[in-house]
Amino acid sequence: MLEQLLPQLVNGLTLGVIYALIAVGYTMVYGVIELINFAHGEVYMFGAFLCVTFITAVGMPFYLAIVAAMLCCAAIGMFLDLVAYKPLRKAPRLAALITAIGMSIFLQNLAMVIWGSRPLPFVQEAVPAYLNETALSFSGVYLTWLQLFIFGVTTTMMIGLMLIITRTRIGTAMRALAQNKTAASLMGINVNFVIAFTFALGSAMGAVAGILVSVYYNSLYPTMGYVAGVKAFAAAVLGGIGSVPGAMLGGIVLGVAEALGAGYVSSLYRDGVAYAVMIAVIIFRPSGLLGKAVIDKA
Amino acid sequence: MGKFKPLLGVLAVGLAAYPLLPFANEYLLHVMTLVMIYMVLAMGLNIVPGFCGLLDLGFVGFYGIGAYTAGLLTVHYGVSFWLIVPLAALNGALWGVLLGAPTLRLTGDYFAIVTFGFSELVVLFLTNEIWLTRGPLGLPGIDPVNVNLEFLNPDWFWEFQGEVPYFYLAVLMVLLVYFVLRRVEDSRLGRAWFAIREDPLAAASCGVDILTYKVIAFAISAGIGAVGGAFFARWQLFLSPDMFKFWESFLVLCMVVLGGLGNIHGALIGAVIMVCLGEVLREVLYVAGLPPEVRFLFYGLIMVLIMRFKPAGFFPAIAATAKSNPLLVALAARIEKTYGGRRESHS
Chain A
7 MLEQLLPQLV
17 NGLTLGVIYA
27 LIAVGYTMVY
37 GVIELINFAH
47 GEVYMFGAFL
57 CVTFITAVGM
67 PFYLAIVAAM
77 LCCAAIGMFL
87 DLVAYKPLRK
97 APRLAALITA
107 IGMSIFLQNL
117 AMVIWGSRPL
127 PFVQEAVPAY
137 LNETALSFSG
147 VYLTWLQLFI
157 FGVTTTMMIG
167 LMLIITRTRI
177 GTAMRALAQN
187 KTAASLMGIN
197 VNFVIAFTFA
207 LGSAMGAVAG
217 ILVSVYYNSL
227 YPTMGYVAGV
237 KAFAAAVLGG
247 IGSVPGAMLG
257 GIVLGVAEAL
267 GAGYVSSLYR
277 DGVAYAVMIA
287 VIIFRPSGLL
297 GKAVIDKA
Chain B
36 MGKFKPLLGV
46 LAVGLAAYPL
56 LPFANEYLLH
66 VMTLVMIYMV
76 LAMGLNIVPG
86 FCGLLDLGFV
96 GFYGIGAYTA
106 GLLTVHYGVS
116 FWLIVPLAAL
126 NGALWGVLLG
136 APTLRLTGDY
146 FAIVTFGFSE
156 LVVLFLTNEI
166 WLTRGPLGLP
176 GIDPVNVNLE
186 FLNPDWFWEF
196 QGEVPYFYLA
206 VLMVLLVYFV
216 LRRVEDSRLG
226 RAWFAIREDP
236 LAAASCGVDI
246 LTYKVIAFAI
256 SAGIGAVGGA
266 FFARWQLFLS
276 PDMFKFWESF
286 LVLCMVVLGG
296 LGNIHGALIG
306 AVIMVCLGEV
316 LREVLYVAGL
326 PPEVRFLFYG
336 LIMVLIMRFK
346 PAGFFPAIAA
356 TAKSNPLLVA
366 LAARIEKTYG
376 GRRESHS
């Protein structure tokens with residue numbers, strides 16, 4: 007049993023950092039406009055499909071296609087905010103939430119119309135060959151270059167994100183908005199621009215996560231955003247929704263818990279781990295691991 | 036609604052007599068029965084988001100629990116339909132209480148997510164506990180309901196025997212749920228729900244025990260969902276976990292929102308519109324060579340557009356709001372006016 011532990015741990019960490027990458031998108035949007043952006047999982051899915059499309063239809067190299075997909079997804083995120091959420095800023099919460107679900111379902115089926123409903127393999131020819139080779143091996147654990155690449159990319163993006171949030175003007179504006187929208191706008195912050203920027207940033211990171219997962223599992227399908235979205239949301243809740251470091255921590259904890267649960271308890275309930283963690287955290291500690299106390303407005 | 040009443044009566048009698056008419060066809064009867072199942076589901080779901088203002092994304096979980104309760108009891112113990120429906124309702128309501136009691140104190144978004152997680156866990160359970168449900172293979176061999184309707188069924192319509200009894204059973208079910216909910220809507224319970232929806236703070240300060248009333252709402256809603264499921268099981272005669280995925284919750288939510296949150300008649304109309312639209316879209320998509328699930332593309336779009344342009348749906352529950360205690364409404368308005376600024380600062 008124990009010889010399984012390290013490989014499961016590595017697998018869990020790989021998944022965990024990817025969940026963290028998606029969870030950050032939920033948590034940032036929630037922090038700024040207090041909306042669960044249900045369509046975030048679909049942006050993640052679009053990232054993967056757009057990347058494959060750029061490689062096969064346009065003939066872009068792998069790394070360039072990733073960047074192009076990121077930019078497109080950032081645009082999709084901003085567009086979502088513009089057409090779906092912005093008109094509802096003053097509407098009841100229920101309306102915005104239902105809109106978000108409607109958007110999620112719409113995008114998922116749009117992908118089905120565009121790319122078909124069957125799972126596709128990732129274009130393996132386009133992926134640099136060395137990524138599938140073993141980079142490190144110690145005591146029975148093999149780390150591929152792809153896994154190292156995933157760790158490297160996610161870590162870089164997380165550090166970049168933290169720098170944006172803590173060191174730049176727009177990051178300060180985001181934090182101000184999360185505190186109090188009215189006061190922020192009185193201080194001359196362009197609220198709608200900052201919200202659009204938040205969507206763009208979160209969506210671009212979600213797109214990268216989608217691409218990494220579809221390369222890791224060599225598979226992409228229109229409903230992939232659904233489960234991944236829920237898991238990332240569970241990660242965001244676990245870490246404390248609204249808290250960016252919380253989302254990172256939550257993602258990693260959830261990924262590891264899932265891999266260990268699948269390895270030692272039952273692989274059938276792999277996805278169930280995320281739901282169970284989510285329900286338990288929401289009931290027993292709604293503010294999450296690193297979140298501040300939630301103000302109950304009801 | 037008032038001046039249309041005679042017209043509606045004629046329409047209802049006409050529809051009820053339809054299965055007995057010589058030109059009745061099995062497909063239309065099937066669709067009508069499906070419409071009525073969704074009417075029951077829409078009326079049931081409507082209680083939570085419509086009357087109490089909380090988004091329930093896990094409604095299909097209770098529908099599935101009801102269906103499998105009915106299916107398993109029939110297959111293994113041959114229990115009669117008349118006993119199965121109340122048993123399924125009780126089981127659904129029990130799960131409603133188990134899920135609702137700890138979670139209904141949560142704010143709207145969190146509650147939506149927890150219910151969603153619950154329905155996904157139900158699907159996982161139905162898929163994985165093969166010893167009980169046969170998992171993805173599905174549960175076949177459920178007995179049809181035996182209702183002797185021969186006196187309604189002259190010899191020359193013998194081919195409709197299958198659908199006709201179900202049609203009338205469904206009518207009975209819709210009427211029952213409708214009248215119960217109409218009574219509840221006008222009762223102390225219903226008014227407490229509206230008060231909670233309009234302003235929880237005001238309701239609480241008027242002595243409404245918010246959590247208890249919410250749990251009751253959730254349990255009744257779950258019970259009605261399970262009734263719909265039990266009927267569905269005995270009508271389809273086959274169940275599989277796929278039938279109870281999130282899509283279904285979303286579809287029923289579409290009906291409720293389209294018709295008008297909080298309006299029972301709206302839920303009924305929403306069910307008619309969505310099921311008919313679904314049938315038409317299925318044909319169109321078949322011709323276009325697309326998978327039938329793609330019809331949810333249009334449903335998603337409909338939801339977004341309704342929320343944008345008609346946030347209260349096409350038949351808003353104005354009557355219902357006015358009926359809730361006027362004193363409470365006035366009080367809510369005053370509290371909002373006095374403390375509006377302070378409460379705003381949290382968001």
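Protein sequences appear in the order of chains A and B. Just so you know, we're using the working numbering here: the first sequence kicks off at 7 and counts up by one. Just so you know, we're using the working numbering here: the second sequence kicks off at 36 and counts up by one. Glycine is no exception: its CB is placed at the ideal position from the N, C-alpha and C atoms. In this text the structure is predicted, and so the values were computed from the model without any measurement.
So which of B:Gly-143, B:Ala-52, B:Ala-347, B:Gly-258 has the shortest CA-CA distance to B:Tyr-98?
B:Gly-258
In this structure, what does DSSP give as the bridge partners for A:Val-147?
A:Phe-144
Cβ closer than 7 angstroms: which chain A residues qualify as neighbours of B:Gly-335?
Gly-108, Met-109, Ile-111, Phe-112, Asn-115
Spatial neighbours of A:Gln-130 within its chain, please: CB distance less than 8 angstroms, with the 5 preceding and 5 following residues excluded, ordered by chain position.
Asn-224
Over the uninterrupted alpha helix (DSSP H) stretch that includes A:Lys-237, give me the two end residues.
230–245
Neighbour-count burial assignment, B:Trp-117, 16 or more Cβ in a 10 Å radius:
exposed
Throw me the rounded Cβ distance for the B:Val-262 and B:Val-120 pair, which I believe falls under 8 angstroms.
6 angstroms
Rounded to the nearest angstrom, what separates B:Gly-101 and B:Pro-235 at their Cα positions?
31 angstroms
Would you mind working out which of B:Leu-42, B:Leu-80, B:Phe-214 sits nearest B:Gly-264, comparing C-alpha positions?
B:Leu-80
Please identify the residue among A:Val-287, A:Gly-122, A:Ala-71 whose C-alpha is closest to the C-alpha of B:Ala-323.
A:Gly-122
CA nearest to the CA of B:Gly-135, picked from A:Arg-291, A:Ile-285, A:Thr-33
A:Ile-285
Which word fits A:Leu-260, buried or exposed, when buried means at least 16 other C-beta atoms lie within 10 angstroms of its C-beta?
buried
Whole-angstrom distance between A:Val-89 and B:Val-329, CA atom to CA atom
21 angstroms
If you check the beta carbons only, do B:Ala-128 and B:Ala-254 fall under 9 angstroms apart?
yes
Would you tell me roughly how many angstroms separate the C-alpha atoms of B:Tyr-213 and B:Val-319, rounded to the nearest one?
33 angstroms
Examine the Cβ distances between the stretch 66–75 of chain B and the stretch 263–283 of chain B and report whether three or more of them are shorter than 8 angstroms.
yes
Check the Cβ of A:Met-284 against every Cβ in chain B and list those closer than 8 angstroms, keeping chain order.
Ile-148, Val-149, Gly-152
Test: A:Glu-40 CB closer than 9 angstroms to a CB of chain E
In the displayed structure, chain E is absent; the protein chains listed are A and B.
Under the rule that 16 or more other beta-carbon atoms within 10 Å means buried, what is A:Ala-75, buried or exposed?
buried
Measuring alpha carbon to alpha carbon, tell me which of A:Pro-93, A:Leu-86, A:Ala-206 ends up nearest A:Leu-167.
A:Ala-206
Between B:Leu-272 and the ligand SAH, is the CB less than 8 angstroms from at least one heavy atom?
The ligand SAH is not among the ligands present in this structure, which contains no ligands whatsoever.
Selected residue, minimal CA-CA separation from B:Leu-107, among B:Asn-126, B:Leu-42, B:Leu-288:
B:Asn-126
If we call anything under 9 angstroms between Cβ atoms a contact, is A:Leu-255 one with A:Gly-245?
yes
Considering B:Glu-198, what are the terminal residues of the alpha helix (DSSP H) in which it resides?
198–220
If the criterion is Cβ atoms closer than 9 angstroms, does the pair A:Val-147 and A:Leu-12 meet it?
yes
Using CA coordinates, which residue listed in A:Glu-9, A:Ile-107, A:Met-230 is at the minimum distance from A:Gly-53?
A:Met-230
Does the structure place the stretch 163–179 of chain B close enough to the stretch 279–294 of chain B that three or more beta carbon pairs sit under 8 angstroms?
no
In whole angstroms, give me the CA-to-CA distance for A:Ala-215 and A:Tyr-50.
7 angstroms
Residue from B:Arg-140, B:Leu-133, B:Met-78, B:Phe-151 with nearest C-alpha to A:Val-233
B:Phe-151
Put A:Leu-41 into one of helix, strand or coil per three-state DSSP.
coil
Contacts around A:Tyr-136, its chain only, beta-carbon distance under 7 angstroms, and the 5 residues preceding and following it disregarded
Trp-151
Comparing alpha-carbon positions, which option in B:Leu-46, B:Cys-87, B:Ala-52 lies nearest B:Asn-298?
B:Cys-87
Enumerate in chain order the residues of its own chain whose CB-to-CB distance from B:Leu-42 is below 8 angstroms, with the five nearest sequence positions on each side excluded.
none
Quick one: what does DSSP say A:Pro-292 is sitting in, helix, strand or coil?
coil
Assigned secondary structure, B:Leu-325 (DSSP; H/G/I helix, E/B strand, else coil)
coil
Can you give me the start and stop residues for the alpha helix (DSSP H) that B:Arg-140 sits inside?
Unbroken run through B:Arg-140: none, as it is neither H nor E.
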